[in-house]
Amino acid sequence: DAKTTQPPSMDCAEGRAANLPCNHSTISGNEYVYWYRQIHSQGPQYIIHGLKNNETNEMASLIITEDRKSSTLILPHATLRDTAVYYCIAPTGANNLFFGTGTRLTVIP
Amino acid sequence: DSGVTQTPKHLITATGQRVTLRCSPRSGDLSVYWYQQSLDQGLQFLIQYYNGEERAKGNILERFSAQQFPDLHSELNLSSLELGDSALYFCASSPQDRNTEAFFGQGTRLTVV
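Those sequence lines, one after another, are chains L and W.
Take 408 as the starting number for the first sequence in the numbering used here and just add one per residue.
Take 103 as the starting number for the second sequence in the numbering used here and just add one per residue.
So, in structure tokens, the structure goes:
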């Protein structure tokens with residue numbers, strides 16, 4: 408897997424956009440970027456993934472820089488239920504996802 | 103609900119014992135993954151199966167083994183259990199073996215006493 412770097416923690420006010428950055432400077436041309444989150448002790452939840460174009464779904468938006476060395480996950484209107492650990496992953500080859508330490512997002516009322 | 107079913111949800115057993123954790127993937131998914139998460143630790147990838155065959159292996163101990171059956175369900179066998187094996191064990195499934203999102207079950211909480 409390409410090495411990914413995320414800040415260990417972030418806070419976001421409820422109702423505001425949460426922007427979670429991820430650096431993946433060693434990513435190769437055919438590696439997707441995946442985002443998952445884990446709410447305390449629950450199974451990780453898939454959020455979104457992309458290759459080089461920006462992606463949006465009902466949960467979030469994913470912005471990938473043109474050089475693909477970094478990306479940002481955007482939760483447009485954070486709620487208290489979005490408090491979780493967010494993981495950015497760039498798997499190589501087989502889809503064995505290696506989770507790092509992620510970013511602990513705390514949404515504050 | 104992710105569509106991935108893990109049983110049992112909780113398991114308490116003694117050191118030295120053997121247990122089997124079961125995972126039913128989402129309908130149509132061919133790939134199954136197993137992860138271990140110890141208290142306040144990250145998710146450690148153990149092993150991946152695709153359509154019955156082992157596809158990738160991570161930090162899986164020799165005391166642990168897994169298999170995927172023809173109906174695509176998977177079992178993780180943990181033997182000679184130690185206190186340090188107490189953890190959440192998650193199973194995930196995906197349609198293919200690469201470049202697709204994975205969906206996780208709610209886990210089996212194993213406590214070794």
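Think of the CB as a built atom: it goes at the ideal place given N, C-alpha and C, for glycine as much as any other residue.
Only a predicted model underlies this, so the values are computations on that prediction, with no experimental measurement involved.
One alpha carbon belongs to L:Asn460, the other to L:Ala425, and they sit about 20 Å apart.
Residue state for W:Arg128 is assigned as coil, using DSSP reduced to three classes. Between L:Thr513 and L:Thr490, the C-beta spacing is below 8 Å.
Nearest C-alpha to W:Glu184 among W:Phe166, W:Leu148, W:Thr107 and W:Ile149: W:Phe166.
For W:Gly186, DSSP records no beta bridge to any residue. In the structure shown, W:Leu180 adopts extended strand secondary structure according to DSSP, grouped into three states. The C-beta distance from W:Leu123 to W:Gln108 rounds to 7 Å, short enough to meet the 8 Å contact threshold. For L:Leu480, the uninterrupted beta strand (DSSP E) segment begins and ends at Ser477 to Leu482.
In this structure, the alpha-carbon of L:Leu504 lies about 15 Å from that of L:Gly457.
For W:Phe206, the neighbours in chain L by C-beta distance under 9 Å run, in chain order, Tyr443, Gln445, Gln449, Gly450, Pro451, Gln452 and Tyr453.
For L:Thr508, a Cβ of chain W is located within less than 8 Å of the residue's own Cβ.
Of all residues in the segment 159-175 of chain W, the ones placed with a Cβ closer than 9 Å to any Cβ belonging to chain L are Lys159 and Gly160, in chain order.
Residue contact check for W:Leu123 against chain L: no CB pair falls below 8 Å.
Within 10 angstroms of the beta-carbon of W:Leu141 lie fewer than 16 other beta-carbons, which makes it exposed.
Here L:His447 is exposed: its Cβ has fewer than 16 other Cβ atoms, across all protein chains shown, within 10 Å.
DSSP, read as helix, strand or coil, puts L:Asp418 in strand.
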